[in-house]
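**Student:**
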Amino acid sequence: MTSNLIYSQSQINLDVDNDLYFGRDFYYSSGIFLSFSKLKNKDEKKSFNHFKIGQLIYTPSRRYETNPLKYDYPYSGYVFLEYNNLKQISDYSSLSLGGNVGITGDASLARAMQNLYHDLILDLPNLEWKSQMPQEAHLNLVAKYFRGFKIEDNVNITTEVFSTIGTYQIKAGIKLGFLIGDLTWFSFSDNIINSQNNKFSFYLGTHQEYYFHDYKLEGSLFNEDAPLTMTSNKYRNTLEVGFKKRFRSLQVLTTFNSMSKDTDAQRTQRHPFLKISLSYQID
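Here the sequence shown is numbered in the numbering used here, starting from 11 and rising by one per residue.
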């Protein structure tokens, strides 16, 4: 039973999303997330407190175009702090509630980080970041319900219902997946270490999302300060395939992701990126 498994009491996690593996450097160009998680036990139910800092970077496809009217995606960065509590409901289900505060514009350091990476790693000219989304503070509430269904040993179906409500995004969606490996009360992508399990896990799934508002494309709900906005596609989907394996105190998760268009202005029908997630057991 899942309730008898032993989980890392504390762990740190580094997630890196990047599209350079596929010869891209635009649209969802980069995501970097560093988090700390602490296990709590109460009444035979477990929960994790997660603390995360993250940065998102979005750019148009023609990186050296200087006329913003020819962009197919606005320049945008978002840096944030997030807390959420992931609480076990049953052996194969959980509820996560939390929120994040962040800032867009120059204070997100997205332009500085991208140009530094271009200078030091790629030896490319700096991007001008003209007409980027303006500097504004944001507050968002996030929720996720996970439920897994065991078909037979090591063969499972997983479902997640999730939503975000705030000034940066208002969206809702569902994830459906096929998991080969041990089923637990949290999702494959959480990359939480179970210290008794070092089996290889494989995942194939899809995200189906509906966006009521998306700041990085549409700007603020409360003003018209954004110098460049675009029509946001309300319905979006992502295909995801990946694997996970633990090596002593380190657990490695890698997923390939293919995203549909965020806006019809994009030149390519789908956008790929690779997620590499490293979780390390502290105690």
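The C-beta atom is built at its ideal place from N, Cα and C for all residues, glycine as well.
Flag this pair as yes or no: are the beta carbons of Thr241 and Asp272 separated by less than 8 Å?
**Tutor:** Here residue 241 refers to the residue found at position 231 when the sequence shown is read from its first residue. Here residue 272 refers to the residue found at position 262 when the sequence shown is read from its first residue. Cβ atoms of Thr241 and Asp272: not closer than 8 Å.
**Student:** In this structure, does DSSP put Asp129 in helix, strand or coil?
**Tutor:** Residue numbering aside, residue 129 sits at position 119 when the sequence shown is read from its first letter. The answer is helix: DSSP assigns Asp129 an H, G or I state.
**Student:** In chain order, which continuous runs of the alpha helix (DSSP H) of length 4 or greater are located wholly inside the segment 102-153?
**Tutor:** Correct list: 120-127.
**Student:** I'd like the span of the beta strand (DSSP E) that includes Tyr85, first residue to last.
**Tutor:** Counting from 1 along the sequence shown, the entry for residue 85 is found at position 75. Note, Tyr85: premise wrong, no beta strand (DSSP E); not H, not E.
**Student:** Assuming Glu170 contacts Lys160 under a Cβ cut-off of 8 Å, what Cβ separation, rounded to an integer in Å, is found between them?
**Tutor:** Locating residue 170 in the sequence shown gives position 160, counting from the first residue. Locating residue 160 in the sequence shown gives position 150, counting from the first residue. Actually they do not touch by this definition, with Cβ atoms about 16 Å apart.
**Student:** Got a sec, what are the start and stop residues for the alpha helix (DSSP H) Lys62 sits in?
**Tutor:** The sequence position of residue 62 within the sequence shown is 52, counting from 1. Run containing Lys62: none in the alpha helix (DSSP H); it sits in the beta strand (DSSP E), Lys55 to Thr69.
**Student:** Taking buried to mean at least 16 other C-beta atoms within 10 Å of its own C-beta, is Arg121 buried or exposed?
**Tutor:** Position 111 of the sequence shown, counted from the start, is the residue given in the question as residue 121. Classification of Arg121: buried, given that the 10 Å Cβ count is 16 or more.
**Student:** With distances taken from CA atoms, which of Lys209, Leu134 and Ser57 is nearest Leu96?
**Tutor:** The residue labelled residue 96 in the question sits at position 86 within the sequence shown. Checked all of Lys209, Leu134 and Ser57; the closest Cα to Leu96 is Ser57.
**Student:** Which residues mark the beginning and the end of the beta strand (DSSP E) in which Lys181 is found?
**Tutor:** Translated into positions along the sequence shown, residue 181 becomes position 171. Taken as a continuous stretch (DSSP letters only), the beta strand (DSSP E) holding Lys181 covers Gln179 to Ile190.
**Student:** Considering only DSSP beta bridges, list what Gln218 is partnered with.
**Tutor:** By 1-based counting over the sequence shown, the position of residue 218 is 208. Answer is Ile184 and Asn247, bridged to Gln218.
**Student:** From the DSSP output, in three-state form, read off Asn23 for me.
**Tutor:** For the purposes of this step, residue 23 is taken as the residue at position 13 of the sequence shown. Of the three classes helix, strand and coil, the one that applies to Asn23 here is strand, per DSSP.
**Student:** Would a C-beta distance cut-off of 8 Å place Gly109 and Asn150 closer than the cut-off?
**Tutor:** For the purposes of this step, residue 109 is identified with residue 99 of the sequence shown, where counting begins at 1. For the purposes of this step, residue 150 is identified with residue 140 of the sequence shown, where counting begins at 1. For Gly109 and Asn150, yes; Cβs fall inside 8 Å.
**Student:** Are there 16 or more other CB atoms within 10 angstroms of the CB of Ser13, so buried, or fewer, so exposed?
**Tutor:** As a first step, residue 13 must be located in the sequence shown, where it is residue number 3. Because Ser13 sits at a pLDDT of 47, beneath the cut-off of 50, its placement in the model cannot be relied upon, and the point is left open.
**Student:** Using a Cβ-Cβ cutoff of less than 6 Å, which residues in the same chain neighbour Arg246 once the five nearest sequence positions on both sides are dropped?
**Tutor:** In the sequence shown, counting from the first residue as 1, residue 246 sits at position 236. Hits under 6 Å: Glu219 and Ser270.
**Student:** Looking at the structure shown, is Phe172 part of a helix, part of a strand, or coil, going by DSSP?
**Tutor:** The sequence position of residue 172 within the sequence shown is 162, counting from 1. Of the three classes helix, strand and coil, the one that applies to Phe172 here is strand, per DSSP.
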